[in-house]
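Colleague: Below is one structure. I have some questions about it.
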Amino acid sequence: MIEIANLRKYKQGNAIRLEADINSPYPVKTIYFEVAEEYGFLLSADTYDAFALVGLYLAMNHHTDLRIHGSISKKLYKNLTWYVQKIFCDFSDKLTPAKIFVEGYSLARPTGNIIGTGISCGVDSFSTIYDRFAKEDDPDYKINALFIFNCGSHGDFDNAYTQMVFRSRVERALIVADELDLPLVVVDSNLHQFRDEENKNTILYLSIYSCVLSMQSAILRYYISSSVEYTEIDFSDHDLAGFSDSYLVPLIQTERTELIIDGCQYRRVDKVKNISDWSIAQKYLNVCLTQKGADSTNCGQCPKCLRTLLTLEILGKLENFSKVFDIAAYKKEAMNYKVHSLLHVDENIFCKENVDLAKEMNFPMPLRKDCYVLDNNFLVVE
Ligand SMILES: [Zn+2]
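For the sequence shown, this note's numbering gives the first residue as 1429, with consecutive numbering after it.
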């Protein structure tokens, strides 16, 4: 039995922590969520909702049940019991159904009316912020706060380099939040300590939603930026996001807080197009896989830089992003990458979308049935 108990909220140095004890096969004995003191009012000690999702996953992964020594949202309880477990079981044969025992149902007392989203300064995140903040007028749906969760998605949590990357992301996000005149809330959690090597991504994925639920007293709506298009659900995907993003996320909510999946309405190239004229994106877009700590320049040659820059080149917007990308480095690789995209059009969604966009925009890609040298190999594209 996984057991969660003794929910409390307290001051720790300059931070406020929401914490509960957990009895599980893992050595760590508590789960916590922590924010700076000024944002302490966001954390909700009224219910165990923030602890239920990962608790359920751990119970299913270890073929046992979950007992929460307190109450959770009735809506969340029903959704976890009736629907989410089925999605988890469909996703992995290693997961088995679990019973959830709670002492009752309770609602978080309202303490705010936040409409939030995460900020990574990547394409998905900027597209959501552009649509739901810069272009949105309805105060019920317009973003009024930005969030960063430090729960393991920035690399190996215990590695000093990861913390340096995280700090540089926070610094960049703070500059953007300042320009947009929005508060930025940084949330730390130790949920990553419940990961195993084989389910690392799943725990990190569920941790983000748990962080949102930890602040449900104050958060009315929260946009989750998905990288997966609605038509792209892939039941063979080994990543829970690719497998179920668009239908799992709407089930993770309570009477107080609505999680909205945003971005599934776009292809990736359409998101790049969406933000290509936005000055904030032109100054701060950050997609690079090869960043070294505080250096925030996009290299122009890694797979994420290449696919993003090819989209921008097709759109005629390459030079708009010369402040944040090494465009000269891209131009050296561009021909090779265009040939690569044609060769992999059938099995790689990024290549397919760029090739489709080139056709739509009448952009001249290398001709098929021609010869190219790629990675020192002589190739005929057919
Ligand atoms: Zn790069």
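Glycine included, C-beta positions come from ideal geometry on N, C-alpha and C.
Quantities reported herein were computed from a predicted structural model and do not represent experimental measurements.
1) Return the chain-ordered ranges of every alpha helix (DSSP H) run that is complete within the segment 1565–1627 and spans a minimum of 4 residues.
2) Ends of the beta strand (DSSP E) at ARG1649?
3) Using a threshold of 8 Å, state whether the C-beta atoms of LEU1676 and ILE1515 are closer than that.
4) Does DSSP classify THR1545 as helix, strand or coil?
5) Would DSSP call ARG1897 helix, strand or coil?
6) Exposed or buried, LYS1787, counting other C-beta atoms within 10 Å across all chains shown (16 or more means buried)?
7) With distances taken from CA atoms, which of LEU1785, VAL1767 and ASN1782 is nearest PRO1794?
8) I'd like the list of long-range same chain contacts for GLY1540, defined as Cβ closer than 6 Å, with 5 residues on each side in sequence excluded.
9) Which same chain residues end up closer than 7 Å to LYS1751 when comparing Cβ atoms and leaving out the 5 residues on each side of it in sequence?
10) Start and end of the alpha helix (DSSP H) containing ALA1433?
11) Flag this pair as touching only if the segment 1698–1707 and the segment 1733–1753 have three or more C-beta atom pairs under 8 Å; answer yes or no.
12) Quick one: any contact between the segment 1485–1494 and the segment 1455–1469, if contact means 3 or more CB pairs under 8 Å?
13) 8 Å is my cut-off, CB to CB: does ARG1595 come that close to chain C?
14) Given 7 Å as the limit, tell me if GLY1377 has its C-beta closer than that to any heavy atom belonging to ligand 1.
15) Thinking just about the alpha-carbon of each residue, which of VAL1615, ASP1616 and ALA1601 is nearest to the one in ASP1609?
16) Would LEU1854 pass as a contact of VAL1640 if the rule is Cβ separation under 8 Å?
17) Residue range of the beta strand (DSSP E) that THR1458 falls in?
18) Leaving out the 5 sequence neighbours to the left and right, which residues in its chain are closer than 7 Å to PHE1749 when beta-carbon positions are compared?
19) Just the C-alpha distance for GLY1483 and GLU1657, rounded to the nearest angstrom, thanks.
20) Classify ASP1673: buried if its beta carbon has 16 or more other beta carbons within 10 angstroms, exposed otherwise.
21) For a quick check, are the C-beta atoms of ILE1444 and GLU1465 less than 8 Å apart?
22) For the beta strand (DSSP E) containing ALA1443, list its first residue and its last residue.
23) Alpha carbon to alpha carbon, what distance is there between ASN1451 and ASN1815?
24) Rounded to a whole number of angstroms, what is the C-alpha to C-alpha distance between ILE1557 and PRO1678?
25) Considering only DSSP beta bridges, list what GLU1686 is partnered with.
26) Check for me: the alpha helix (DSSP H) holding ILE1777 runs from which residue to which?
27) Give every residue of the same chain whose Cβ lies closer than 8 Å to the Cβ of LEU1738, excluding the five residues on either side of it in the sequence, and list them in chain order.
28) Given that a residue counts as buried once 16 or more other Cβ atoms are within 10 Å of its Cβ, and exposed if not, what is GLU1447?
29) Following the continuous beta strand (DSSP E) through LEU1494, name the residue where it begins and the one where it ends.
30) Quick check: SER1617 and TYR1460, are their CB atoms within less than 8 Å of each other?
31) Do you know offhand how far ASP1568's Cα is from ALA1478's?
32) How would you write the range of the alpha helix (DSSP H) that PHE1479 sits in, first residue to last?
33) Under the three-state reduction of DSSP, which class applies to PHE1791: helix, strand or coil?
Modeller: This is what the structure gives:
1) 1588–1608
2) 1647–1653
3) yes
4) strand
5) Any property of residue 1897 remains undetermined from this structure, which presents the chain solely from 1429 to 1810.
6) exposed
7) VAL1767
8) ALA1646
9) Excluding sequence neighbours, LYS1751 sits near GLN1710 and LYS1711.
10) Unbroken run through ALA1433 is the beta strand (DSSP E), 1430–1440; no alpha helix (DSSP H).
11) yes
12) no
13) As a matter of chain content, chain C is missing from the structure shown, which is built from one protein chain.
14) The chain is shown from 1429 up to 1810; residue 1377 falls before or after that span and cannot be answered.
15) Taking only the C-alpha atoms, the option nearest ASP1609 is ALA1601.
16) Lying before the first or after the last residue shown, residue 1854 is absent from the chain, which here runs from 1429 to 1810.
17) 1458–1464
18) GLN1710, LEU1713 and LEU1740
19) Each residue's Cα considered, the two are about 29 Å apart.
20) buried
21) yes
22) Annotation for ALA1443: the continuous beta strand (DSSP E) segment containing it runs 1443–1451.
23) Absent from the model: residue 1815. The displayed extent of the chain is 1429 to 1810, so no value can be given.
24) 19 Å
25) ARG1649
26) Per DSSP, the continuous alpha helix (DSSP H) segment holding ILE1777 begins and ends at 1777–1788.
27) Scanning its chain for C-beta atoms nearer than 8 Å, with the 5 sequence neighbours on each side dropped, one finds around LEU1738 the residues ALA1762, TYR1765, LYS1766, SER1769 and ASN1782, in chain order.
28) buried
29) Unbroken beta strand (DSSP E) run through LEU1494: 1494–1496.
30) yes
31) 24 Å
32) For PHE1479, the enclosing alpha helix (DSSP H) has its first and last residue at 1477–1489.
33) coil
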